[in-house]
Structures are given as structure tokens and as C-alpha cells.
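Position 143 of the sequence shown, counted from 1, bears residue number 147 in the numbering used here, the numbering being contiguous throughout. One structure is given here, and the rest of the page talks about it.
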Amino acid sequence: MKRLYINAISFFILFAAIALLFDRFSLKPDSRMVIAEWTDSVSYLTMDGTSEALPYFEKAGTSDGTTTLIIGDSVCRQLFNDLQEYNEDMTIIGSNGAVSTVGQYVLTSLYLDAHPDATDVYLFMLPESLSRSFDTTYGYSYIVLPLAQTGTLENLDQDTFDIMAETYGDFFVENRGIELIDKSGLNRKLYLNAIQETGPGYEPEYPLDIADRYVLKINDLCTERGVRFHMIPCPVSDEHIDQDEAFREMYGSSQMHEIFPDYPDEVYYYPAEQAADGVHFSGDYALRESLNEKVAIITEGTGLELIY
């Protein structure tokens, strides 16, 4: 029996050593992709939210002589991003709701640092997107990792760090933990699947808590730089119109209401058949001509003059 215990302990030590060695190779540039292929984790390394989000932050920090920034969620992206080639005086970075208002604040900060002559920042967000924060499905990939890669985690306040630490674990919002997850497809796969098992993530008592904090930060930052800040709702499918009253009540008690009191009244509702998923335009309604009609409607009277 003693020999059996010794053999079992020896086996687990050997297994742990092999696992650690395997993980070490998953972090190395020359073997990272090979290990990712062996462990079916290539998509976590190359096609996760971080790969999508990182270019947004890199573009915002690129000095290109533009004076107007357009940012927002995935509906903003669908409506505006293709217009970038026609509007060279603007930087258009429609991203994703998962970036949340935290990411939108960092995008604004990067842009204003790189564009001292900026005049306007336009934030286009669905009412639903204002409730996005640190969930366990997208938050780590779309917020923590890209901000760590661009050196902008330090732009966030201590309360936000505390929330991230509670949601994702103290170690995994510190440099060493982030590096272990960031550089290994295997580690990303194991970690991201593990945190999804822990629950939905940060759920504030007041759903607009994060948006209140970071929309105000955007506003304060723009005020400091002498830049005009505009927050405009993206078009909403009328299948969600029954949620309008609840949102109005919640928004009415927000700090955002003090800056943008008309935001709920400015929501443009369109027929549900125009969006197959209830959010993004689809079919003929996703063609540029139709999208331009929506752009014209929601930007009327905002001072934003686009070429399309």
C-alpha cells in the first residue's frame, strides 16, 4: 500500500511538471500557436474579443489630424464605420457594446491626447448598451486585456479596479496574471471558460452605475479640453418599445440625465422586421443606402455633418 501511495504521488508530481512545461511553451512566441492548435484554443488566441477590440484603441491613439471622434456600440459600428473613407476629418470607431462605457472613456482619452485640436466627441449607444459592465462572458476579453495591452488600465479609477478584481480575481487584473492569460491561447480557454462558470459577473444594484461614472468622466474630460461632447441613442427596434418606460424611469434618476436629459426622447424606433436579431439591421435594411437614411435621422440637429 505504501508503494502505491508513493507511485501515485510520483505520478501527480510528474503530471504537474508536464502540465507546467506545456503551459510554459504555450506562452512562448515560437511555440504559442502550435500549443494552441494542439489544445483547440486557436480561436481564443486569434479571434476572441481582444483581437476585435485592440484595433479600436490603437486607432484612437493614432494622430491623424482629425477633429471629430465618433464612438459607440455595434449598432454605431454598423451605421458609421463604412463612412470613414468619405469623412477624412473624422475618426470613426464604432466598436461593441461589450467594450462598455469604460472602454468608450478610454477611447476618448486616447483620442484627445493624440488630437489636441479636437472639437467634438459623439457617443452613439443603445439604451441597452448603457447597462453593460463587467460580465464573465465578454468583459475580460473586451475590456481588461485590450486596456492592458495598450497600457490604459491605469486610466480607470480605484473603484473600477476593485470591481474587476471581485469579478475576475485579484491576480488576473494584475500584470503577471494578465500576461499569463494574454499570451496563451490555452490559458485563455481555461480561464475564460472557468469564470463563466462562476456566474454572470458584476451586477450592480443600479444597472446604469458604470455608465453614470464613465459618461460623466467623458464629459469632464471633454470639458477640460474645450471639446463638445454629444451622447445620442442608436436606433432601436420597436420590439423593445415595451422596455421604454422602465428605461426612462431608470435614466431619469441617473447622473447622465443631468447632462443629456433628452436622450430617452431622442430614441428612434424602427419596425422590428428590419432587424433579424432584434438589434442590428439585416437584409436590404443593412445595405448602405438604407443605413444612410437611419444615419440622417439620428444625426439631424446634432451638428454632425457626414459625407455619404
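Ideal placement from N, C-alpha and C gives every residue a C-beta, glycine not left out.
{"Query": "Endpoints, alpha helix (DSSP H) assigned at I245", "Result": "Careful: I245 lies outside any alpha helix (DSSP H) and carries neither H nor E."}
{"Query": "8 Å Cβ cutoff met for T306 and V219", "Result": "no"}
{"Query": "Three or more C-beta pairs below 8 Å linking the segment 147 to 165 and the segment 54 to 70", "Result": "yes"}
{"Query": "Coil, strand or helix - A213 by DSSP", "Result": "The question names Ala, yet the displayed sequence has Asp at residue 213. It is helical."}
{"Query": "Inter-stretch contact (C-beta, 8 Å, three-pair minimum) for the segment 198 to 218 and the segment 77 to 92", "Result": "no"}
{"Query": "Exposure of N2, with buried meaning 16 or more beta-carbon neighbours within 10 Å", "Result": "Any answer about residue 2 is impossible in this case: the structure gives the chain only from 5 up to 312."}
{"Query": "Proximity to H244 [Cα-Cα], best of E277, I301, Y126", "Result": "E277"}
{"Query": "Classification of R217 by the beta-carbon crowding that lies within 10 angstroms, buried from 16 upward", "Result": "buried"}
{"Query": "CB contact flag (H284, V79, <8 Å)", "Result": "yes"}
{"Query": "Per-residue DSSP class, three states only, for Y109", "Result": "helix"}
{"Query": "7 Å Cβ shell around M94 - same chain, five flanking residues per side excluded", "Result": "T70, T72, I74"}
{"Query": "Contact set for P211: own chain, Cβ-Cβ below 7 Å, skip 5 residues either direction", "Result": "S135, M254"}
{"Query": "Near the ligand COA: Q88 beta-carbon under 7 Å from a heavy atom", "Result": "Ligands displayed in this structure: none; no statement on the ligand COA is therefore possible."}
{"Query": "F128 (DSSP reduced to helix, strand or coil)", "Result": "strand"}
{"Query": "Validate contact between the segment 168 to 180 and the segment 114 to 130 using beta carbons, cut 8 Å, 3 pairs", "Result": "no"}
{"Query": "Distance CB(G53)-CB(A122) smaller than 8 Å", "Result": "no"}
{"Query": "Check whether S1 and G107 have beta carbons under 8 Å apart", "Result": "Coverage of the chain is limited to positions 5 through 312, which leaves residue 1 absent and any answer about it impossible."}
{"Query": "Neighbour-count burial assignment, K32, 16 or more Cβ in a 10 Å radius", "Result": "Low confidence applies to K32: its pLDDT is 48, below 50, so where it sits in the model is not reliable enough to give any reading."}
{"Query": "Beta-ladder partner(s) of L190, from DSSP", "Result": "Bridge partners of L190: none, in fact."}
{"Query": "Euclidean distance between Cα positions of L310 and L295", "Result": "13 Å"}
{"Query": "Bridge partners - Y273, DSSP secondary structure assignment", "Result": "V240"}
{"Query": "Minimum C-alpha distance to L116 - residue among E249, A215, F233, D281", "Result": "F233"}
{"Query": "Reference Q247; option with closest CA among Y60, L130, S55, F138", "Result": "L130"}
{"Query": "Whether T140 touches P239 by CB criterion (8 Å)", "Result": "no"}
{"Query": "Contacting residues, own chain, Cβ-Cβ under 6 Å from L160 (five flanking each side not counted)", "Result": "none"}
{"Query": "Assigned secondary structure, T171 (DSSP; H/G/I helix, E/B strand, else coil)", "Result": "helix"}
{"Query": "Extent of the continuous alpha helix (DSSP H) to which I311 belongs", "Result": "First-last for I311: undefined, no H or E at that position."}
{"Query": "Own chain, CB closer than 7 Å to D242, minus 5 neighbours either side, in chain order", "Result": "Y273, Y274, P275, A276"}
{"Query": "Closest Cα partner of Y172 within the set I96, A300, Y206", "Result": "Y206"}
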